[in-house]
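Student:
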Amino acid sequence: MHTSLTAFAALLAAPLAAQIPPGVAPPPAAASAEKAEKDLQAGYVLGPDDVVEVSVLGQPEFTTRARVRANGTIQLPFIGEITVSGQTGLSLGALVTDKLRAGGYYAKPVVQIEIVSFASRYVVVLGEVGQSGLQPVDRDYRVSEVIARAGGLRESGADFVILRRATGEEMKLPFEKLAKGSLDDDPVVRAGDKIYVPAAELFYIYGQVNAPGVYPIKGAGPMTVRKALARGGGLGVSGSTGKIKLFRDGEELKVKLDDVIRAGDVVVVGERTF
Numbered sequence: 001m002h003t004s005l006t007a008f009a010a011l012l013a014a015p016l017a018a019q020i021p022p023g024v025a026p027p028p029a030a031a032s033a034e035k036a037e038k039d040l041q042a043g044y045v046l047g048p049d050d051v052v053e054v055s056v057l058g059q060p061e062f063t064t065r066a067r068v069r070a071n072g073t074i075q076l077p078f079i080g081e082i083t084v085s086g087q088t089g090l091s092l093g094a095l096v097t098d099k100l101r102a103g104g105y106y107a108k109p110v111v112q113i114e115i116v117s118f119a120s121r122y123v124v125v126l127g128e129v130g131q132s133g134l135q136p137v138d139r140d141y142r143v144s145e146v147i148a149r150a151g152g153l154r155e156s157g158a159d160f161v162i163l164r165r166a167t168g169e170e171m172k173l174p175f176e177k178l179a180k181g182s183l184d185d186d187p188v189v190r191a192g193d194k195i196y197v198p199a200a201e202l203f204y205i206y207g208q209v210n211a212p213g214v215y216p217i218k219g220a221g222p223m224t225v226r227k228a229l230a231r232g233g234g235l236g237v238s239g240s241t242g243k244i245k246l247f248r249d250g251e252e253l254k255v256k257l258d259d260v261i262r263a264g265d266v267v268v269v270g271e272r273t274f
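First residue of the sequence shown? That's 1 in our numbering, and the numbers climb one at a time after it.
#1: I'd like to confirm the pairing. Which residues does DSSP put opposite LYS254 in its beta bridges?
#2: Count the other CB atoms within 10 Å of the CB of GLY23; is the residue buried (16 or more) or exposed (fewer)?
#3: So for GLU271, helix, strand or coil by DSSP?
#4: With a threshold of 8 Å between beta-carbons, can VAL111 be considered close to chain C, or not?
#5: List the endpoints of the continuous alpha helix (DSSP H) containing THR97.
#6: What ranges does the alpha helix (DSSP H) occupy inside the region 158 to 222, keeping only unbroken runs of at least 4 residues that lie completely in it?
#7: When DSSP labels each residue in this structure, what does GLY264 get in the three-state scheme?
#8: Would the beta-carbon of ARG143 fall within 8 Å of that of PRO198?
#9: Nearest to THR276 by alpha carbon, out of GLY152, PRO216 and VAL52?
#10: When you compare each of ARG121, GLU128 and GLY127 to GLN135 by their alpha carbons, which one comes out closest?
#11: Can you tell me whether THR88 is buried or exposed? The criterion is at least 16 other CB atoms within 10 Å of its CB, across all chains shown.
#12: Taking its Cβ as the centre, do 16 or more other Cβ atoms sit within 10 Å of PRO60, making it buried, or is it exposed?
#13: In chain order, what residues of the same chain have a beta carbon less than 8 Å from the beta carbon of LYS177, not counting five sequence neighbours either side?
#14: Which residue comes first and which comes last in the beta strand (DSSP E) that contains ILE74?
#15: Start and end of the alpha helix (DSSP H) containing ARG231?
#16: For a test of the three-state rule: what should DSSP assign to ILE113, helix, strand or coil?
#17: Is ILE82 helix, strand or coil by DSSP?
#18: May I ask you to report which of helix, strand or coil DSSP gives ALA148?
#19: Could you check what DSSP says for ALA30 in three-state terms: helix, strand or coil?
#20: My output table needs one value for VAL125: the three-state DSSP class, helix, strand or coil.
#21: Specify the secondary structure class of VAL143 as computed by DSSP and reduced to three states.
#22: With DSSP as the reference, please indicate the residues paired to LEU153 in a beta bridge.
#23: Can you tell me whether GLY239 is helix, strand or coil according to DSSP?
#24: Rounded C-beta distance between VAL209 and GLY232? I'm assuming under 8 Å.
#25: On the CB-based measure, 16 or more other CB atoms within 10 Å of its CB, does ALA119 come out buried or exposed?
#26: ASP64 bridges to which residues according to DSSP?
#27: CB GLY127 to CB TYR196, shorter than 8 Å?
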């Protein structure tokens, strides 16, 4: 169903690992990816449609890969049907170990649990982030943490995030408050939530400015003509604040420096008369 995070973590670490001599500790990036994967495997709470692989070290006949049924169970050799919904990788390993010992199947079984596909507990991250898609939630994560796990905001992203609850409730969250505000400004996500980072609204500035081009409408407060000039690198040698025109929806407007820029506006700075 969904690609295993184990494979994803291995893909991240592979280029570095290939250069590491035997017996030498991996670099921090590779070690960090491996730790994150282990933490997720250990703490994720299983539910219907997740896929797990259960094995016993040195006993290949026991290895079983199974999808969790709607009733929260899987079928294992010797043990039969076992309820795994609500278990973590750690607690399921302990449960299987106890049942194998109690049944007399193995004296000292070393049970290994791998969650191959995370399907039941995740949030969806879409829009202008490093990597959109599904993010498994094995504990209480805040919006900022989920965005960080998705690779952070792109430069093209807006300066706010939309959180849509599975219940339909929707919140617009300024990114600055997510980063610097209190815990109340950074809500905890729940399984089934969606996080969307829209593309930033753009304006255009041309003519006698030092850095003409296309810029996002971002930052504290409204984007005024004065701020737009600053974003465009300031007036050029020949530029004049008295000869600024604004084109909006095909209509030419004369504006003042404190007038507000809207998405799609085109600001043209004319040349002053010497």
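All C-beta atoms in this analysis are idealised placements derived from N, C-alpha and C, irrespective of residue type, glycine included.
Tutor: So, from the data block:
#1: The secondary-structure analysis by DSSP pairs LYS254 across a beta bridge with LYS245.
#2: Confidence at GLY23 is low in this model, with a pLDDT of 45, below 50, so the placement of that residue should be treated as unreliable; the coordinate-derived value is given next. Exposed, by the Cβ-count rule.
#3: Secondary structure at GLU271: strand, using DSSP grouped into helix, strand and coil.
#4: The structure shown contains no chain C; it is built from a single protein chain.
#5: Residue range 89 to 102 is occupied by the alpha helix (DSSP H) that includes THR97.
#6: As for any alpha helix (DSSP H) of minimum length 4 sitting wholly inside the region 158 to 222, the runs are 175 to 180, ordered along the chain.
#7: Three-state DSSP puts GLY264 in coil, outside helix and strand.
#8: Strictly speaking, residue 143 in this sequence is Val, with Arg absent from that position. No.
#9: A query on residue 276 cannot be resolved here, the shown segment of the chain reaching from 1 to 274 and no further.
#10: Answer by Cα proximity: ARG121.
#11: Classification of THR88: buried, given that the 10 Å Cβ count is 16 or more.
#12: The Cβ neighbour count for PRO60, taken over all protein chains shown within 10 Å, is under 16; the residue is labelled exposed.
#13: Taken in chain order, the residues that qualify are ASP185 and ASP186.
#14: Looking at the DSSP string, the run of the beta strand (DSSP E) that includes ILE74 is 73 to 76.
#15: DSSP places ARG231 inside the alpha helix (DSSP H), whose first and last residues are 225 to 231.
#16: Strand, per DSSP.
#17: DSSP places ILE82 in strand when its eight states are reduced to three.
#18: In the structure shown, the three-state DSSP call for ALA148 is helix.
#19: Here ALA30 scores only 48 on pLDDT, less than 50, and its place in the model should not be relied on; the value that follows carries that caveat. Helix.
#20: It is a strand residue.
#21: Helix.
#22: Beta-bridge pairing links LEU153 to VAL129.
#23: In the structure shown, GLY239 adopts extended strand secondary structure according to DSSP, grouped into three states.
#24: Approximately 4 Å separates the beta-carbon atoms of VAL209 and GLY232; this is inside 8 Å, confirming the contact.
#25: Answer is buried; the Cβ neighbour count reaches 16.
#26: For the sequence presented, residue 64 should be read as Thr rather than Asp. For THR64, which the question treats as bridged, DSSP gives the partners VAL54.
#27: The Cβ atoms of GLY127 and TYR196 sit closer than 8 Å to each other.
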